[in-house]
Amino acid sequence: TTHSWDFMLLEKNGVVHRSSLWNKASYGEGIIIGNLDTGVWPESESFSDKGFGEVPSKWKGFCQNVNHTDVTCNRKLIGARYFNKAYASNGGKVNSTTSTSRDYDGHGSHTLSTAGGNFVPGANIFGVFNGTAKGGSPNARVAAYKVCWPPINQDGECYDGDILEAFEAAIKDGVDVLSVSLGGEPSNYLEDSTAIGSFHAVKNGVVVVCSAGNDGPKDGTVTNVAPWIITVGASTIDREFDTYVELHNGQRIKGTSISKALPGGRFYPLISGAQGKAANASAADAMLCKGGTLDPEKVKGKILACLRGENARVDKGMQAALAGAVGMILCNDKLTGNEIIADPHFLPASHLTYKDGLAVFEYINSTDDPMGFITPSTEHLNTKPAPFMAAFSSRGPNKVTPEILKPDITAPGVNIIAAFTGAKSPTENELDKRRTAFTTESGTSMSCPHVSGVVGLLKKLHPDWSPAAIKSAIMTTGKTRDNTVNPMLNGSFVKATPFSYGAGHIRPNRAMDPGLVYDLNVNDYLDFLCALGYNQSTIQLFSKEPFSCPSNASLLNFNYPSITISHLSGSVTVSRIVKNVGSPAVYAARIRQPHGISVSVEPNILKFERTGEEKSFQLTIRNRIDGAEGAPPGDYVFGELLWSDGLHYVRSPIVVSSN
Amino acid sequence: TPAFALKQSYIVYMGVHSHGPEDAMTSVSKVKNSHHEFLASFLGSTERAKEAIFYSYTREINGFAATLDKAEAAAIARHPNVVSVFLNKGKHLH
Chain A
1 TTHSWDFMLL
11 EKNGVVHRSS
21 LWNKASYGEG
31 IIIGNLDTGV
41 WPESESFSDK
51 GFGEVPSKWK
61 GFCQNVNHTD
71 VTCNRKLIGA
81 RYFNKAYASN
91 GGKVNSTTST
101 SRDYDGHGSH
111 TLSTAGGNFV
121 PGANIFGVFN
131 GTAKGGSPNA
141 RVAAYKVCWP
151 PINQDGECYD
161 GDILEAFEAA
171 IKDGVDVLSV
181 SLGGEPSNYL
191 EDSTAIGSFH
201 AVKNGVVVVC
211 SAGNDGPKDG
221 TVTNVAPWII
231 TVGASTIDRE
241 FDTYVELHNG
251 QRIKGTSISK
261 ALPGGRFYPL
271 ISGAQGKAAN
281 ASAADAMLCK
291 GGTLDPEKVK
301 GKILACLRGE
311 NARVDKGMQA
321 ALAGAVGMIL
331 CNDKLTGNEI
341 IADPHFLPAS
351 HLTYKDGLAV
361 FEYINSTDDP
371 MGFITPSTEH
381 LNTKPAPFMA
391 AFSSRGPNKV
401 TPEILKPDIT
411 APGVNIIAAF
421 TGAKSPTENE
431 LDKRRTAFTT
441 ESGTSMSCPH
451 VSGVVGLLKK
461 LHPDWSPAAI
471 KSAIMTTGKT
481 RDNTVNPMLN
491 GSFVKATPFS
501 YGAGHIRPNR
511 AMDPGLVYDL
521 NVNDYLDFLC
531 ALGYNQSTIQ
541 LFSKEPFSCP
551 SNASLLNFNY
561 PSITISHLSG
571 SVTVSRIVKN
581 VGSPAVYAAR
591 IRQPHGISVS
601 VEPNILKFER
611 TGEEKSFQLT
621 IRNRIDGAEG
631 APPGDYVFGE
641 LLWSDGLHYV
651 RSPIVVSSN
Chain B
1001 TPAFALKQSY
1011 IVYMGVHSHG
1021 PEDAMTSVSK
1031 VKNSHHEFLA
1041 SFLGSTERAK
1051 EAIFYSYTRE
1061 INGFAATLDK
1071 AEAAAIARHP
1081 NVVSVFLNKG
1091 KHLH
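Residue numbers (our numbering), protein chains in the order written: chain A, 1 to 659; chain B, 1001 to 1094.
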């Protein structure tokens, strides 16, 4: 966040333009952002209440402080609660660290400060990379709902029962935005605590933003796919932390990390993890530099080249350091390929791509006396291309409802510097006693609160907009090009698709004035469930008012801001309604045809005479089955619908798969 | 046999409450009682139901979280006032 907001808001040298969303929305003043996560480190400067006035009268929450050791709220951090009964019911230990909203992990403080933390000048990681950490809605109040605990098993650490209770609490407390950087396997909406909780939240006007998941780049991995959720993928910003590996044969290889320089400015002996293996360890385990697999006699004073796998990235060089290594080169395996991440390592380190790692191992194996050097990390801004999609970011298609494109949007989620816990080191090793108030993290967990922060600003600016209107504004103003003005790429540097980025990369300044929105209300969501085939009596249980499924309930006509046709056979017609949220204007439609598909729009001109006016239109989507250029069966093809009055550009991705 | 059946924690989701938000606070105990009574009709006694339920969702979400065996969960899922019954599983931080 020391640079991500500048990147999104196009600020130069930290100067906030007067037409920026930040200025227009008073930096989110009066808004309350809740976070379902690992709690909060209340002493963080990101949550200091200096300069904050009285707590908004609508706030009904509180600071839950059972053991008095613990979390004190203030006029910035106005709520902190914890929910652990579902964790306990599955065998989780309840003790002083699991009966508190204090964040012993760091994840919750990071995400909450990204969404709504103060501006904190002088934020750094172990003294390097000084900058101003920034929350998206820095004048908003924040509340932590702790639902994630130390893992018991492989199942995950945030239990459904606790998540539902936290949603209940947040709705009752009066939050405006909920940021939820967690998720499970994609599942049926009515058996998914996030989908259920967020449905009730949205019904009460609370906007819910969730992370898409980190199971990319495989297709069909996106989670939190309910249409009432804003689902967020992760992409890069135009900043890199470069750390070069220099080999004695003259090769200089660019890697990344956040670490200090090797002492002495000289070359050091270089060995692979396998060469440093302990007598009782396997070479495969030693290559991963796992604990207990390295022989200190062999490793001491050397740079160790480790393969990224179960251990070396997670422990951030701790095992290499314990074995006496002076530095670590972390090499991707084939699976992790080009994805390199600037982690704060315990010792001088550089993270290399698979291809570059192979060059290092080849040098080690072909040289009698291999030597190397690792330069200190340096920050580079204005890197190109940016943004590009993180390889880890989960992708569509949506396995629960293929007719709804997910994720909805992408935002910065790689190498994000934000607040951290004071309870542990970012290397996550108990032996590492260093503490830092800020650290870098990567994941869709980090992109999600960026969107939550923007939602806080939009809520402030447009208090009358529905959660769906806010979502539509964010989606239809997203961009699909990077800073080279070419189509956005994915982690392997090939062209990304809406399955990675949804409607594109978020543009907060555009989102405040989208021109038109695709709005939805609770009954639309109930109609959506009817169209999915849920029976009338089940759906009635969601509604206090008498409700009956429309006879023509259709997923095709669900007023979503993106358009997805699954298994197109012949042609279909899709209806949408747009609402004018700007001045009177005349909009014209433009279509970018998906390959092998013809799309027409009727009418292709929409004239709005007043704000709030709604107009409908129809898209007819036809497979060019008669021609050689028809869409290949089963494959997805991508296009775009654009409405513009010359001032606003209202974009919807079109995604089609053919039968 | 049922007496030794494996107990696991489940979420029983029943949709939305019929009460409005303004009277939610006053009806918390009423809702809790109704959840206890509802579950008692499957478990045989209110005491057992009270022991089994560890969360009653009383304000906006209608439902509860309880420790049940598979057969009990399956029977509850068939009730017309129940939307879904699912295992209380863990999600991951992203």
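Using N, Cα and C, we set each Cβ at its ideal position, and we do this for glycine too.
* Asked: When the cut-off is 9 Å and only beta carbons count, does A/F542 lie next to chain B?
  -> The C-beta of A/F542 comes closer than 9 Å to at least one C-beta of chain B.
* **Close beta carbons around A/Q540, own chain, < 6 Å, minus the five adjacent residues each side** => F547
* Asked: Are at least three pairs of beta-carbons, each pair with one atom in the segment 14-27 of chain A and one in the segment 128-147 of chain A, less than 8 Å apart?
  -> yes
* Along chain B, which residues have their Cβ under 9 Å away from the Cβ of A/I416? -> Under the 9 Å cutoff, chain B gives no residues; its nearest Cβ is about 13 Å from A/I416.
* Asked: Which residues of chain B have a Cβ atom closer than 7 Å to the Cβ of A/S89, listed in chain order?
  -> Those within 7 Å of A/S89 in chain B are S1009, F1054, T1067, N1088.
* Distance between B/K1070 and B/T1001 (C-alpha atoms, nearest Å) -> Confidence in B/T1001 is poor, its pLDDT being 47 and thus under 50, which makes the residue's placement too unreliable to answer from.
* Inter-residue spacing [alpha-carbon to alpha-carbon] between A/S259 and A/L335 -> 25 Å
* To do: Kindly indicate the opening and closing residues of the beta strand (DSSP E) around A/P121.
  => Its beta strand (DSSP E) spans residues 120-125.
* I think A/Y82 touches A/G34, with their Cβ atoms under 8 Å apart; what is that distance to the nearest whole Å? -> Incorrect: roughly 13 Å between the Cβ atoms, too far for contact.
* Closer than 7 Å by C-beta to A/G156: which residues in its own chain qualify, once you throw out the five before and the five after it? Chain order, please. => G184
* To do: Please list the segments of the beta strand (DSSP E) lying wholly inside the segment 63-140 of chain A, counting only runs of 3 or more residues, in order along the chain.
  => 77-82, 120-125, 128-133
* Just the Cα atoms here: how many angstroms apart are A/Y636 and A/S658? -> 7 Å
* **Extent of the continuous alpha helix (DSSP H) to which A/T194 belongs** => 193-203
* To do: Could you tell me whether the Cβ of A/L253 comes closer than 9 Å to any Cβ of chain B?
  => One point to set straight first is that residue 253 of chain A is Ile, not Leu, in the sequence displayed. No - not a single Cβ of chain B is within 9 Å of the one on A/I253.
* **Same chain only: Cβ atoms within 8 Å of A/Y534, ignoring 5 sequence neighbours per side** => L190
* What did DSSP end up calling A/E168 once you bin it into helix, strand or coil? -> helix
* To do: Could you check the C-alpha separation between A/E614 and A/I577 for me, to the nearest Å?
  => Approximately 6 Å, taken between the alpha carbons.
* To do: Leaving aside the five residues before and after A/V314 along the sequence, list all residues of the same chain whose C-beta is less than 6 Å from its C-beta, in chain order.
  => none
* Using the C-alpha atoms, what's the distance from A/A342 back to A/A323? -> 22 Å
* Asked: So, A/A386 versus A/A234, is the Cβ gap smaller than 9 Å?
  -> no
* Asked: Quick one: what does DSSP say A/N23 is sitting in, helix, strand or coil?
  -> helix
* Burial state of A/R239 (16 or more Cβ within 10 Å) -> Under the 10 Å beta carbon count, A/R239 is surrounded by 16 or more other beta carbons and is classified as buried.
* Asked: Using a Cβ-Cβ cut-off of 7 Å (strictly less than) and excluding sequence neighbours within five positions of A/I364, which residues of its own chain qualify?
  -> L270, I271, S272, A305, P370
* Have a look at the DSSP bridge pairing and note the partners of A/F241. => According to DSSP, which records beta bridges pairwise, A/F241 is partnered with A/E379.
* Asked: Expressed to the nearest angstrom, what Euclidean distance is found between the alpha-carbon atoms of A/P397 and A/T421?
  -> Distance between the alpha carbons of A/P397 and A/T421 is about 36 Å.
* **For A/K76 and A/V147, the rounded distance between their alpha carbons** => 21 Å
* Cβ-Cβ distance between A/V245 and A/S377 below 9 Å -> Between A/V245 and A/S377, the gap from beta carbon to beta carbon reaches 9 Å or more.
* Give me the Cα-Cα distance between A/A496 and A/I563, rounded to the nearest whole angstrom. => 18 Å
* Whole beta strand (DSSP E) elements within the segment 333-400 of chain A, 3-residue minimum -> For the segment 333-400 of chain A, whole beta strand (DSSP E) runs of length 3 or above, ordered along the chain, are 349-352, 371-374, 378-381.
* At 8 Å on the CB atoms, spell out the chain A contacts of B/L1039, in chain order. => Within chain A, no C-beta atom comes less than 8 Å from the C-beta of B/L1039; the nearest is roughly 15 Å away.
* Tell me, to the nearest whole angstrom, how far the beta carbon of A/Y159 is from that of B/N1088; I am working on the premise that it is less than 8 Å. => 6 Å
* Just reading off the beta strand (DSSP E) that A/R252 is part of, what are its end residues? -> 252-256
* In the DSSP assignment, find the unbroken alpha helix (DSSP H) run with A/F493 in it and report its ends. => Run containing A/F493: none; DSSP gives neither H nor E here.
* To do: From the DSSP output, in three-state form, read off A/W643 for me.
  => strand
* Just confirm the distance between the C-beta atoms of A/V581 and A/V517, as a whole number of angstroms; I'd bet it's less than 8 Å. => 5 Å
* To do: Starting from the beta carbon of A/N204, find every residue of chain B whose beta carbon is closer than 7 Å, and list them in chain order.
  => E1060
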